[in-house]
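J.:
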Amino acid sequence: AKTGRNNNSSRFGKYMEINFLGEGKIKGCRITNYLLEKSRVVFQIPNERNYHVFYMLLNNPQLKSKHGLEAASNYHYLNQSGCTDVPSRNEGEEMSEMIAAFNTLEFTQTNQDNIFEALAGILNLGNIKFAESCAADGTESVSVVNPDYVSKAAKLLGLNGELLTNAITTR
């Protein structure tokens, strides 16, 4: 993520041990994740950015089109800080490098698609807007103002849109 101090500040860490067979194929792997800043996904302060992978996804025309994505400036999780671009980065090229790494590590196309769908789904979740209402009997409720984003997110995440709407509007 981009912070006020540098353009590639690690907001999570991973320790990976990859074991290979003699032919260079992966035998096994152990990954330990360290999420240092969970709030980065939903909020950034001025001039900081979300995780690079979101911008990388949006800078790949094929994946952007495949997942029905828009410009970074159209996503709440990416546009709050006023910084959606880092001139020194080529995020389209970085995405190509990441896909090449996925292929080298023998991620199936299905697994890669699932990762990109999850990222696209998260971006759409961030654009859901809610409206509060209060019934005459004092009962408070909330409804979704822009259900298209719920539908997009549900489809990308493999969820039922009606159940997702119920989950995000019901205690």
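Everything in the sequence shown is counted per the working numbering, starting at 15 for the first residue and increasing by one.
Positions of the beta carbon are idealized from the N, C-alpha and C atoms, including for glycine.
I need the straight-line Cα distance from I40 to Y91, nearest angstrom please.
T.: Using only the alpha carbons, I get a separation of about 35 Å.
J.: Taking Cβ to Cβ, would you say M109 is nearer than 9 Å to L77?
T.: Cβ distance < 9 Å, so M109 and L77 count as in contact.
J.: Quick one: using the 10 Å Cβ neighbour count with 16 as the cut-off for buried, is Y29 buried or exposed?
T.: Exposed, since its Cβ has fewer than 16 Cβ neighbours within 10 Å.
J.: Can you check DSSP and say which residues form a bridge with R44?
T.: Beta-bridge pairing links R44 to E31.
J.: May I ask you to list the residues that DSSP assigns as paired with V158?
T.: Answer is F144, bridged to V158.
J.: Our contact map puts S147 next to T183 with C-beta atoms below 8 Å; I'd like the distance itself, whole angstroms only.
T.: The pair is not a contact, with the Cβ atoms about 11 Å apart (cut-off 8 Å).
J.: Are H66 and E105 closer than 9 Å when you measure CB to CB?
T.: Yes; because the gap between Cβ atoms is below 9 Å, this pair is in contact.
J.: What are the boundary residues of the alpha helix (DSSP H) that includes N180?
T.: 175-183 is the span of the alpha helix (DSSP H), which, as asked, contains N180.
J.: What does a CB cutoff of less than 7 Å around Y89 pick up in its chain, not counting 5 residues either side in sequence?
T.: Excluding positions up to five away in sequence, the list reads L137, G140, N141.
J.: Would you kindly check if the distance between the Cβ of E62 and the Cβ of R44 is under 9 Å?
T.: Not in contact: R44 and E62 (Cβ atoms no closer than 9 Å).
J.: Cutting at 6 Å between CB atoms, please list the residues of its own chain near G135, excluding the five before and the five after it.
T.: Within the same chain, G135 has close Cβ partners A167, L170, L171.
J.: Assuming N125 is part of the alpha helix (DSSP H), what are its boundary residues?
T.: Residues 123-139.
J.: In angstroms with no decimal places, state the Cα-to-Cα distance between P101 and G152.
T.: C-alpha separation (whole angstroms): 52 Å.
J.: With L178 and V164 assumed to form a contact (beta carbons below 8 Å), what rounded beta-carbon distance in angstroms separates them?
T.: Yes, L178 and V164 are in contact; Cβ-Cβ is about 6 Å, under 8 Å.
J.: Sorted by chain position, which residues of the same chain lie with C-beta nearer than 8 Å to L35's C-beta, five sequence neighbours on each side aside?
T.: The residues are K41.
J.: Tell me which residues share the same chain as C97 and place their Cβ nearer than 6 Å to its Cβ, disregarding the 5 neighbours each side in the sequence.
T.: N61, R63, listed in sequence order.
J.: May I have the straight-line CA-CA distance separating T118 from N74, to the nearest angstrom?
T.: Spanning the two alpha carbons is a distance of roughly 19 Å.
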